[in-house]
Amino acid sequence: MCKHILNVQVAIRSPCCKKWFECAECHAEKEDHPLKQTMEMVFACKKCKKCFRKDMNDYDESDEYCPHCDNHYVIEAKTPQLALQVESEDVRKDARMIKDERVKADQMKTIWNLGDDVAEKLG
Ligand SMILES: [Zn+2]
Ligand SMILES: [Zn+2]
Ligand SMILES: [Zn+2]
1 MCKHILNVQV AIRSPCCKKW FECAECHAEK EDHPLKQTME MVFACKKCKK
51 CFRKDMNDYD ESDEYCPHCD NHYVIEAKTP QLALQVESED VRKDARMIKD
101 ERVKADQMKT IWNLGDDVAE KLG
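Position 32, counted from 1, in the sequence shown is what full-length UniProt numbering calls 32; the numbers after and before it change by one each time, with no gaps.
Here's what the structure looks like:
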């Protein structure tokens, strides 16, 4: 799943570094070179997991479908509404992790307290 295009249907093989990416923005984030433009694109369908090639010079409406399973992969992209929302979500996640650590520490304390009680009762 790609955070830029939420409903992405295919992965794209980058012609420059020969790696699979969900979208050009994913490539831009992970690599430090620009995505090479090419007229022959290699896709991998997310539905049937098969690869296929498309010549962008000779591209018509029927080429919007996976040749293996007819998955319509050229669709209007659903993108996250605000980049800010993604950021604040990450902050929330971090806050939760910090809280989890505190809960764990409290639980440890409880275990030790219990241990003392049990020891007293036994003693
Ligand atoms: Zn690349
Ligand atoms: Zn992406
Ligand atoms: Zn397919």
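Even glycine gets a Cβ: it sits at the ideal position worked out from N, Cα and C.
Remember, it's a predicted structure, so these values are computed and weren't measured experimentally.
Cβ shell of residue i (< 6 angstroms), same chain only, five flanking positions each side left out
i: Met39; result: Met56, Asn57
Rounded C-alpha distance that separates residue i from residue j
i: Arg13; j: Trp20; result: 4 angstroms
i: Cys66; j: Asp32; result: 30 angstroms
i: Arg53; j: Gln81; result: 31 angstroms
i: Leu6; j: Phe43; result: 17 angstroms
i: Lys18; j: Met41; result: 11 angstroms
i: Cys26; j: His4; result: 8 angstroms
i: Cys51; j: Glu64; result: 14 angstroms
i: Ala28; j: Cys48; result: 26 angstroms
i: residue 131; j: Cys69; result: Because the chain is modelled from 1 through 123, residue 131 falls outside the range shown and cannot be assessed.
Selected residue, minimal CA-CA separation from residue i, among the options
i: Val74; options: Asp60, Gln81, Met1; result: Asp60
i: Asn71; options: Ser62, Cys2, Lys36; result: Ser62
Within-8 angstroms CB hit, residue i to chain B
i: Ala11; result: In the displayed structure, chain B is absent; only one protein chain is listed.
Close-in-space but distant-in-sequence residues of the same chain around residue i (CB under 7 angstroms, 5 per side omitted)
i: Cys16; result: His33, Leu35, Lys36
Cβ shell of residue i (< 8 angstroms), same chain only, five flanking positions each side left out
i: Val8; result: Met1, Cys2, Glu22, Cys23, Lys46, Ala77
i: Ala11; result: Trp20, Phe21, Glu22, Phe43, Ala44, Lys46
i: Thr79; result: His4, Ile5, Leu6
Residues that residue i bridges to, as DSSP identifies them
i: His72; result: Tyr65
i: Ala11; result: Ala44
i: Asp55; result: Glu40
**Prompt:** Within the structure, which residues are defined as neighbours of ligand 3 by a Cβ-heavy atom distance below 5 angstroms, reported in chain order?
**Reply:** With the cut-off at 5 angstroms, the residues found are Cys45, Lys47, Cys48, Cys66, His68, Cys69, Asn71.
**Asked** Taking any heavy atom of ligand 1 as the mark, which residues have a C-beta closer than 6 angstroms to it, listed down the chain?
**Response** Ser14, Cys16, Cys17, His27, Glu31, His33, Leu35
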